[in-house]
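Contents: one structure, followed by commentary.
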Amino acid sequence: MNTAQKAMNTLAGNGGFQQTDVADLQGRTVLVTGATVGIGFEVARAFAESRARVLLLSRKTEHGDDAIAEIKRSVSEAADVHFIECDLGNLAKVREVGDRIREGEERLDIVVADAGVGVNKFDVSSDNIDRHFAVNHLGHFLLINRVLPLIRKTSKLPSTPPPRIVAISSELHRQAPSSVQFASEEEVTEVGSNDLSAVSLYARSKLANILFTKYTLVERAIRPSGDRIFALATHPGAVHTGQQDQFKEAYGKVFGTLAKAVVVPFMRNPEQGSLSTLWAATSEDVEKNSWQGCYFTDPGQLGKETAQADDEQLGKNLHELSEQLVREKIGKDGLLAWY
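Under my numbering, the first residue of the sequence shown carries the number 96, and numbering increases by one thereafter.
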């Protein structure tokens with residue numbers, strides 16, 4: 096990487112952290128959802144460059160083929176990268192894929208939950224749930240539940256750093272409606288979602304990412320079990336990815352195109368957007384400072400989440416609603432024990 100590229104991929108004020116600062120990950124396995132484009136792709140590419148075995152999870156096979164080809168071209172033909180097709184909006188498929196990873200992989204050191212629907216109009220998943228909530232939160236809720244035994248197994252291996260689970264959230268969680276309670280199924284289906292704006296739908300799902308990290312992963316899984324696992328949430332910054340094309344669906348072609356043209360010049364590129372997540376997934380500072388369940392807005396910079404994102408009752412409601420929805424859609428055996 097030349098000097099210009101290093102400058103482009105480094106954020107001011109974060110100690111100069113850049114993609115090439117990711118530690119050697121040889122022998123370790125990472126899973127990145129939404130790994131074929133944008134931030135997820137840059138995270139996956141950096142992991143491959145650090146010699147990890149990288150599992151790329153995304154919805155479209157053709158995108159997976161392109162991503163693998165690009166990683167091998169830019170990193171090495173020997174890069175250990177593999178594509179897994181999965182629509183996170185389809186809970187039955189998520190369970191199948193999660194079980195296949197748990198049973199087929201020898202270890203799982205890092206999970207990055209990046210896949211998501213951007214600021215877009217209301218739509219439903221194949222399970223008839225608000226697609227923002229279904230893909231950005233509920234699919235990850237189930238996927239991580241199904242692979243958690245493998246993460247736990249990895250945490251017990253000798254000479255192994257504590258595994259990490261990193262959920263990519265957003266500062267837009269601040270725009271979540273004050274009415275959010277996660278108290279009923281109706282709230283996250285057409286009944287309670289159809290009238291919400293594109294920003295509100297997205298913001299609600301990003302709020303769920305932080306609550307899931309703190310009140311499901313940390314409080315219901317990791318701490319009760321005494322696991323050597325860290326769960327964190329990150330904000331990548333306002334990043335120019337393909338998600339801005341969804342403005343056209345949310346606001347119509349004319350206004351959506353205008354909105355994209357206005358905001359994109361002020362956004363980070365995907366390489367810069369990957370840094371907070373790469374740092375959270377690999378930095379020794381996380382373990383040294385016992386930063387469990389924390390939310391970071393840049394490498395090493397703790398965020399100040401909203402009162403909603405620090406609401407224990409809201410976290411409990413979200414967990415119970417998520418479990419209810421999974422069991423309703425795919426059966427009582429849809430979830431493994433959290434601890």
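C-beta: ideal position from N, C-alpha, C; glycine also.
How far does the beta strand (DSSP E) with residue i in it reach, from first residue to last?
| i | result |
| --- | --- |
| R148 | 148 to 153 |
| I263 | 259 to 263 |
| L136 | Checking the sequence, you will find Phe at residue 136 rather than Leu. Element bounds for F136: not the beta strand (DSSP E) but the alpha helix (DSSP H), 133 to 144. |
| V47 | Since the first and last residues shown for the chain are 96 and 434, residue 47 lies out of range. |
Use the C-beta contact count for residue i: other C-beta atoms within 10 angstroms, 16 or more gives buried, fewer gives exposed.
| i | result |
| --- | --- |
| P394 | buried |
| K383 | exposed |
| T124 | buried |
| S385 | exposed |
| A118 | exposed |
| R140 | buried |
| L312 | buried |
| Q408 | exposed |
| T284 | buried |
| A92 | Limits of the chain in this structure are 96 at one end and 434 at the other, which puts residue 92 out of reach. |
| N223 | exposed |
| G111 | exposed |
| T308 | buried |
Please report the residue range of the alpha helix (DSSP H) in which residue i lies.
| i | result |
| --- | --- |
| I205 | Note, I205: premise wrong, no alpha helix (DSSP H); beta strand (DSSP E) at 205 to 208. |
| T377 | 370 to 377 |
| T156 | 156 to 169 |
| L420 | 407 to 425 |
Which residues in the same chain as residue i place their Cβ atom closer than 7 angstroms to its Cβ, once the five residues preceding and following it in sequence are excluded?
| i | result |
| --- | --- |
| V357 | Any reading at V357 must be qualified, since the residue scores a pLDDT of 41, below 50, and its modelled position is unreliable; no value is offered. |
| V349 | Here the model assigns V349 a pLDDT of 47, short of 50, so the residue's position is not dependable, and the following value carries that caveat. Correct list: empty, nothing qualifies. |
Note down, in chain order, each residue of its chain lying with its Cβ closer than 6 angstroms to the Cβ of residue i, except the 5 sequence neighbours on either side.
| i | result |
| --- | --- |
| E144 | V170 |
| R299 | A271, V275 |
| H235 | A208 |
| N240 | L430, L431 |
| S295 | P272 |
| D225 | V283, S288 |
Within 8 angstroms of any Cβ in chain C, is that where the Cβ of residue i sits?
| i | result |
| --- | --- |
| R202 | This model lacks chain C altogether, as it is built from one protein chain only. |
Tell me which same chain residues have a C-beta within less than 8 angstroms of the C-beta of residue i, skipping the five on either side of it?
| i | result |
| --- | --- |
| H268 | A298, K301, L302, N304, I305, E400, T401, Q403, A404 |
| R247 | S320, D322, I324 |
Measuring CB atoms only, is the region 114 to 133 touching the region 209 to 222, in the sense that at least three cross pairs come out at less than 8 angstroms?
yes
Taking the runs of the beta strand (DSSP E) that are 3 residues or longer, which of them lie wholly in the region 251 to 316?
259 to 263
To test your reading of the DSSP string, which unbroken alpha helix (DSSP H) runs of 4 or more residues are found completely within the region 171 to 236?
186 to 199
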